[in-house]
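Protein chains in written order, with the numbering used here: chain A, 37 to 237; chain B, 37 to 237; chain C, 37 to 237; chain D, 37 to 237. Just so you know, even glycine gets a beta-carbon here, dropped at the ideal spot from N, CA and C. Data first, discussion second: the structure below is written as structure tokens.
Number of protein chains: 4
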Amino acid sequence: MMEQPVGARRASIGARRNPASEKAILDAAAAILAEGGLSGFSIEAVARRARAGKPTIYRWWPNRTALLLDVYHRSKHVIPDPDTGTLEGDARMFLTNLLDFWNDPANGTVFRSIIAEAQSNADAMAALQAYLDDRHAYLAGIIDRARARGEVRADLDSTALGEWLVSFAWHRLLTDRIETSPAEIETVIKTFAAGAAPTSK
Amino acid sequence: MMEQPVGARRASIGARRNPASEKAILDAAAAILAEGGLSGFSIEAVARRARAGKPTIYRWWPNRTALLLDVYHRSKHVIPDPDTGTLEGDARMFLTNLLDFWNDPANGTVFRSIIAEAQSNADAMAALQAYLDDRHAYLAGIIDRARARGEVRADLDSTALGEWLVSFAWHRLLTDRIETSPAEIETVIKTFAAGAAPTSK
Amino acid sequence: MMEQPVGARRASIGARRNPASEKAILDAAAAILAEGGLSGFSIEAVARRARAGKPTIYRWWPNRTALLLDVYHRSKHVIPDPDTGTLEGDARMFLTNLLDFWNDPANGTVFRSIIAEAQSNADAMAALQAYLDDRHAYLAGIIDRARARGEVRADLDSTALGEWLVSFAWHRLLTDRIETSPAEIETVIKTFAAGAAPTSK
Amino acid sequence: MMEQPVGARRASIGARRNPASEKAILDAAAAILAEGGLSGFSIEAVARRARAGKPTIYRWWPNRTALLLDVYHRSKHVIPDPDTGTLEGDARMFLTNLLDFWNDPANGTVFRSIIAEAQSNADAMAALQAYLDDRHAYLAGIIDRARARGEVRADLDSTALGEWLVSFAWHRLLTDRIETSPAEIETVIKTFAAGAAPTSK
DNA sequence: TGGTAATCGAGACGGTACGTCTGGTCTTAGG
DNA sequence: CCTAAGACCAGACGTACCGTCTCGATTACCA
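And the structure:
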């Protein structure tokens, strides 16, 4: 994440993409997002900070949204698969990990920005939905694993269940209340696990 | 919601606010939002459509966000209090009503825009949080009513529970999937009610 | 030139013009012109300073130019008729008086403003020309008096001669060099008197 | 002076000033001034007519005044040096040329506008004075040439003399009476030459 | 003496232009 | 053929005045 020394000029390295430029641009974009949020995030600002030309950015990313998504994808760590053996444990670990991850502005701010952007930009929305399809499938997998263990009622939709769980984190993120008390988390987790359980009927 | 006839000019009505202008501006703003979303929503566009001068808008709304919030407040219908006698019934009615309400672009698009705006604008965020405080208190009230009937476990936080329920609707709204199948709704409602119930322990 | 005490409100005095308002407006206009020149001279500024309503101004002066001319007319002192007995003496006294008069910003700035205004406003130009007709006739009178004394060649146009003399003062005024050295004045006066004299041929 | 075909868009020609844009802007500015005078001369109007963006204008001209001056400088023809061999002949030719030049609205209107602008804008005044310093030096040169021939009295200031001559043209221009009768011109010229002559003492 | 009429201040109205900012496109010069 | 640079058109931003309008209040005049 080191940025280029000031004053240096990255010349072309021939008829191919210069990885130093790509890195400088993504670094600059991430830094701007983390520091100033979406409002300060403009192609001009990124170009200035990365000491890159605007066309260089537009050559590789068709628009602001694409750059935004790239920044998020690059920073997305691999959340370890929470295989604790129980639905409640898996849910707790998943939610805690997610809230922790977003609690770092470098991650939370970027994702908030993508969601905001998607509200007025069809490309961003499409990209966001594609990303979510993956995530929801992943969550449904966790739930189906629990279902195989007999922890989930037959009439419940795994995808909807997973979506609902993650939507709590969304809500906290989008209302600038990402720091969540253990009691709140436990309320959600307990209700989630108990509500999904067959015996609870 | 009738707009002014074209060609008519709204003159001043003295040293006080002209309600016709206020209405025309809010109408225009709502129409622009519903039609083009947040990206087409500019003070200039509203002024043009409302046949109003820009300073007239700036006189009464300090910025785009304030106008946005006003549009939403004006369109906010009174969702009837879903007092069905059971937590599950209340939750179902509340969620169904909310999804229905947002399914009308005139409502859903406006609220999405406010959420998006709040991600990069502190004023919008503050206004959004103030609004949510009200809504969460209202939802907590419904849950506490159920709690008095013995339908809610003692260790669950009413506010967090309510927030989690509404967050499902947020997630659908913000991912452009506001149309929700009955099965998905039922998954959420059933899990919610069963998970909150004391007997489920 | 005393201005109204701050805080006082000049109410209507019935169905006729309130002289206090007229005075306050002209005072304010003169003060604004003298202080900030034409660029700060707006109807709004005058109304603010005079604590008058804009329509009160527009009721009595159709436009900015009319107010400007009124300010000048009010401040126009009576330059004493320079009857020294010789053309050279009369011209010297006239030119000196005029330059002195305009050297006071309260007078010079106002007249400069009128000339400037007249370059883009036909009303102002018409008013200026009407005023100049008077002045040129007055100057031609002085020259004809000299002509009767045998001091002016027969083939010279009195009006053109007078206009030329005054145009020197205009040029100094309009180039912000109203302070003129005695040598410059003498150059003009001597050339004027000698050039007009019959014996000079 | 051909203007760009309508509908054509002048793109950038790289990281340097596009002369086509400069020309289009100056053409538009000159045309607007000649047609509507200073009152219709706004940066917006110029941008519209030149099919240029406002920032493109502001990039190269800091304000309205700078553009105004540029328009005048561009249109300023080279008045041939009136070396007739006598002061009277030189003065006649100079004055006639100047009045003729300003009689064309494309020239006279622009110069009037600059003078008007200078009355309320220090930058314009400074630019005007700098321009006049040149012109006055030029005129003083003509007079000094005559002085060397013995046509000018020793006690007269060449600069003041030249300024006075040109001020007559200013006065006609600024009072919208640029068309001057031969008799008027002759009155000025004859008085000027005779008044400057040593024998007239 | 009471009603009418024109005045006053105040300030909102629809507009136009200001000068600034950013967006996304385009072309160059140089490696 | 990529890179940095930066000009290009476009158009929104928020502000200042323009000249018009309506208001509620204040007074003088006339019935």
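Where residue 232(B) sits in the DSSP three-state scheme:
helix
Could you tell me which chain B residues have their CB closer than 7 Å to the CB of residue 122(A), listed as they occur along the chain?
What residue 122(A) touches in chain B: nothing, since even the nearest Cβ is about 15 Å away.
Are there 16 or more other CB atoms within 10 angstroms of the CB of residue 215(B), so buried, or fewer, so exposed?
exposed
Please list the partners that residue 73(B) has in chain A, where partner means a Cβ-to-Cβ separation under 8 Å.
155 and 156
Which residues, in chain order, does the region 204-220 of chain B contribute to contact with chain A at a C-beta distance below 7 Å?
204, 206, 207, 210, 211, 212, 219 and 220
Can you tell me whether DSSP reads residue 151(D) as helix, strand or coil?
helix
For residue 151(A), would you say it is in contact with chain B, using Cβ-to-Cβ distances shorter than 7 Å as the test?
yes
Check each residue of the region 128-147 of chain A: if its Cβ is closer than 9 Å to any Cβ of chain B, include it; give the result in chain order.
145
Could you tell me the distance, in whole angstroms, from the CA atom of residue 132(C) to the CA atom of residue 52(D)?
54 Å
Could you check whether the Cβ of residue 197(A) sits closer than 7 Å to any Cβ belonging to chain B?
yes
Chain B partners of residue 200(A), CB-CB under 7 Å?
204 and 224
Is it right to say residue 227(A) is buried, meaning 16 or more other beta carbons lie within 10 angstroms of its own, or is it exposed?
buried
For residue 133(D), which of helix, strand or coil comes out of DSSP?
helix
Over the uninterrupted alpha helix (DSSP H) stretch that includes residue 69(A), give me the two end residues.
55-72
Under 7 Å between C-beta atoms, does residue 192(C) make it to chain D?
yes
Are residue 177(D) and residue 156(C) close, meaning C-beta to C-beta below 7 Å?
no
Which residues mark the beginning and the end of the alpha helix (DSSP H) in which residue 163(B) is found?
158-184
Short of 7 Å in beta carbon distance, which residues of its chain neighbour residue 197(D), apart from the five on each side in sequence? Order them along the chain.
179 and 232
Touching by the beta-carbon criterion (3+ pairs, under 8 Å), the region 180-190 of chain B and the region 116-126 of chain B
yes
Taking the C-alpha atoms as reference points, what is the distance between residue 46(D) and residue 103(D)?
20 Å
Using C-beta distances below 6 Å, list every residue in its chain close to residue 56(C), excluding the 5 sequence neighbours before and after it, in chain order.
46
Closest to residue 169(B) by CA distance: which of 54(B), 75(B), 50(B) and 195(B) is it?
195(B)
Is there a C-beta anywhere in chain B that falls below 7 Å from the one on residue 231(A)?
yes
By a C-beta neighbour count over all protein chains shown, 10 Å radius and 16 as the cutoff for buried, is residue 107(C) buried or exposed?
buried
Pick from 146(B), 116(B) and 140(B): whose alpha carbon is nearest that of residue 62(B)?
146(B)
Contacts around residue 129(B), its chain only, beta-carbon distance under 7 Å, and the 5 residues preceding and following it disregarded:
118 and 120
Taking CB distances under 7 Å as the criterion, tell me whether residue 227(C) reaches chain D.
yes
Extract the residue ranges of the alpha helix (DSSP H) inside the region 80-135 of chain B, only unbroken runs of 4 or more that lie entirely within it.
90-96 and 100-111
Contacts that residue 168(C) makes with chain D (C-beta to C-beta distance below 8 Å)
211
Here's the rule: buried if 16 or more other CB atoms are within 10 angstroms of the residue's CB, otherwise exposed. What is residue 172(C)?
buried
Which residues in chain A have a C-beta closer than 8 Å to the C-beta of residue 164(B)? List them in chain order.
211
Residue burial classification, residue 207(B) (beta-carbon count within 10 angstroms, cutoff 16):
buried
Counting C-beta neighbours from all protein chains within 10 Å, is the total for residue 224(A) 16 or more, i.e. buried, or is it exposed?
buried
Out of 136(A), 116(A) and 65(A), point me to the one whose CA is closest to residue 240(A)'s CA.
What the structure shows of chain A is the stretch from 37 to 237, and residue 240(A) is not part of that stretch, so it cannot be assessed.
Could you pull out every residue in the same chain whose Cβ sits closer than 7 Å to the Cβ of residue 38(A), ignoring the five residues on either side in sequence?
Because residue 38(A) carries a pLDDT of 36, less than 50, the predicted location of this residue cannot be relied on, and no value is offered for it.
Exposure of residue 193(C), with buried meaning 16 or more beta-carbon neighbours within 10 Å
buried
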